[in-house]
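Take a look at the structure below.
2 protein chains.
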Amino acid sequence: MADYLDAVKWNADGLVPAIAQDAQSGEVLMLAWMNREALAQTLATGQATYWSRSRASLWRKGETSGHTQRVLEVRLDCDADAVLLQVDQAGGIACHTGRRRCFFNLLDTASAAPRWEATDAVLTEPGKFRDGG
Amino acid sequence: MADYLDAVKWNADGLVPAIAQDAQSGEVLMLAWMNREALAQTLATGQATYWSRSRASLWRKGETSGHTQRVLEVRLDCDADAVLLQVDQAGGIACHTGRRRCFFNLLDTASAAPRWEATDAVLTEPGKFRDGG
Chain U
134 MADYLDAVKW
144 NADGLVPAIA
154 QDAQSGEVLM
164 LAWMNREALA
174 QTLATGQATY
184 WSRSRASLWR
194 KGETSGHTQR
204 VLEVRLDCDA
214 DAVLLQVDQA
224 GGIACHTGRR
234 RCFFNLLDTA
244 SAAPRWEATD
254 AVLTEPGKFR
264 DGG
Chain A
134 MADYLDAVKW
144 NADGLVPAIA
154 QDAQSGEVLM
164 LAWMNREALA
174 QTLATGQATY
184 WSRSRASLWR
194 KGETSGHTQR
204 VLEVRLDCDA
214 DAVLLQVDQA
224 GGIACHTGRR
234 RCFFNLLDTA
244 SAAPRWEATD
254 AVLTEPGKFR
264 DGG
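Written out as C-alpha cells, the structure is:
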C-alpha cells in the first residue's frame with residue numbers, strides 16, 4: 134500500500150517542493166512543500182494540503198483565508214523529487230499578501246543594478262489572514 | 134552591488150528552487166536549483182544556469198544536449214525563497230529523458246491504489262546526453 138508515496142524521493146527533512154499551477158490560466162501560483170501526510174491528505178480530500186515549514190504543521194491551503202485549491206491533477210518529475218499540481222484556485226488569490234500569485238516580484242534588468250519590482254496588484258487586504266508557509 | 138542576490142533567501146545549502154516555465158505554452162517544464170552564481174550567470178548570459186546537486190557544479194542547461202533555455206523573465210516569490218523563469222526551450226525538450234518536460238508522471242487515482250503513469254512521449258533518444266541535475 135501507499136506505493137505512490139514510496140515512489141517520491143523525500144528530502145532529508147521528509148519533504149518535496151510542490152508547485153501549484155492555475156489549471157485555467159496556466160499561471161504558476163506558488164511553490165510550497167509537502168511531506169507524505171500532506172500528499173496523502175491532498176489525494177484524500179482533493180484539496181491542496183502542504184507542510185508549513187515555518188509552523189511545522191500540516192496546512193490545508195486556504196483553511197483560514199478561504200482561498201482553497203481544488204486539485205485537478207498531480208504530477209511527479211523525472212527525478213521523483215518535485216511535484217506539480219493543477220489547481221482551481223478559490224477566489225483567484227493564492228498569495229497571503231492578497232495577490233493572485235506568489236511570484237509577483239519581477240527582476241528588472243533594464244538598469245545597471247538589477248532589482249526586484251512588485252508587478253501584481255493586491256486584490257484583497259494583505260495580512261488579514263495568515264495563510265503562508 | 135548584487136542587491137538582487139542578497140534579497141533572495143538562500144537555504145542552508147545556499148540554494149533556491151527554480152521553476153522553468155515555457156513562455157509560449159505555459160507548461161511547467163522542470164524544477165531545478167540555483168545558487169548565487171547560477172542566478173548571476175543566468176542574468177549575465179540570458180541562458181538558464183542551475184546548480185547540479187548531484188554533480189556539485191554549475192550546470193548551464195543544455196550545455197551537452199543542446200536543449201538550452203533562453204530566459205525571458207525571472208521572478209521571485211513573496212517569501213523570496215523560490216524563483217520562476219519564463220524560458221524559450223530550445224528543441225522543445227527540457228527533460229534528460231528526451232521528453233518535453235520533466236513532469237511526465239501523472240498520478241492515476243482511478244483505481245484503489247493510486248500510481249504514477251508516464252504520460253508523455255519520448256521525443257529524442259533518452260540518456261544520449263547527460264543533462265540532469
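Protein sequences, first through last, are from chains U and A. The opening position of the first sequence corresponds to residue 134 in this note's numbering, with each subsequent residue numbered one higher. The opening position of the second sequence corresponds to residue 134 in this note's numbering, with each subsequent residue numbered one higher. Note that CB positions come from ideal geometry on N, CA and C, so glycine has one too. Every value quoted in this text rests on a predicted model; they were computed, and no experiment measured them.
Item, Value
"Interface flag, Val255 of chain A vs chain U, CB-CB below 9 Å", "no"
"Candidates U:Val141, U:Leu138, U:Glu160 and U:Trp166, of which the one nearest Ala151 of chain U by Cα", "U:Trp166"
"Contact set for Gly199 of chain U: own chain, Cβ-Cβ below 7 Å, skip 5 residues either direction", "Ala223 and Gly224"
"Spatial distance of Leu164 of chain U from Ala215 of chain A (CA atoms)", "7 Å"
"Chain-ordered chain U contacts of His200 of chain A [CB-CB under 9 Å]", "Per Cβ cutoff of 9 Å: no residues; His200 of chain A is ~13 Å from chain U at best."
"Nearest to Tyr137 of chain U (by Cα), restricted to the options U:Ser158, U:Asp210, U:Glu196 and U:Glu160", "U:Asp210"
"Contacts of Val220 of chain A in chain U (Cβ-Cβ under 9 Å)", "By Cβ distance, chain U contributes nothing, its closest Cβ being about 12 Å from Val220 of chain A, past 9 Å."
"First through last residue of the alpha helix (DSSP H) which encompasses Leu138 of chain A", "Asp136 to Asp139"
"Under 9 Å by beta carbon: chain A residues contacting Asp210 of chain U", "Met163, Leu164, Cys228, Arg234, Cys235, Phe236, Phe237 and Asn238"
"Length of the line joining the Cα atoms of Thr252 of chain U and Arg186 of chain A", "32 Å"
"Element boundaries [beta strand (DSSP E), containing Leu176 of chain A]", "Premise fails: Leu176 of chain A lies in the alpha helix (DSSP H), Arg169 to Thr178, not in any beta strand (DSSP E)."
"CB contact below 9 Å: Ala215 of chain A versus chain U", "yes"
"Within chain U, partners of Gln174 of chain A - CB distance below 9 Å", "Under the 9 Å cutoff, chain U gives no residues; its nearest Cβ is about 13 Å from Gln174 of chain A."
"Neighbour flag for Ala140 of chain A against chain U, beta carbons, 9 Å", "yes"
"Supposed close pair Val161 of chain U, Val149 of chain U - CB separation, criterion 8 Å", "Between Val149 of chain U and Val161 of chain U the Cβ distance is about 16 Å, and since that is not below 8 Å, they are no contact."
"Beta-carbon separation (whole angstroms), Gln154 of chain A vs Leu217 of chain A, contact threshold 8 Å", "6 Å"
"Helix, strand or coil at Gly266 of chain A [DSSP, three-state]", "Per-residue confidence for Gly266 of chain A stands at a pLDDT of 41, beneath the threshold of 50, marking its modelled position as unreliable; no derived number is given."
"Those residues which DSSP pairs with Gln157 of chain U across a bridge", "Answer by DSSP bridge pairing: none, since Gln157 of chain U is not bridged."
"Ala151 of chain A (DSSP reduced to helix, strand or coil)", "strand"
"Straight-line Cα distance separating Ala156 of chain U from Thr182 of chain U", "17 Å"
"Expected contact under 8 Å - CB spacing of Arg193 of chain A and Gln180 of chain A to nearest Å", "6 Å"
"Neighbouring residues, chain U, relative to Trp249 of chain A (Cβ below 7 Å)", "Tyr137, Ala140 and Leu209"
"DSSP state of Ala181 of chain U mapped onto helix, strand, coil", "coil"
"Opening and closing residue of the beta strand (DSSP E) in which Val220 of chain A lies", "Val216 to Gln222"
"Beta-carbon contacts of Cys235 of chain A that lie in its chain and below 7 Å, excluding the five residues immediately before and after", "Leu162, Met163, Ala227 and Cys228"
"Interface partners of Glu206 of chain A on chain U, CB under 9 Å", "Leu239 and Leu240"
"6 Å Cβ shell around Ala189 of chain A - same chain, five flanking residues per side excluded", "none"
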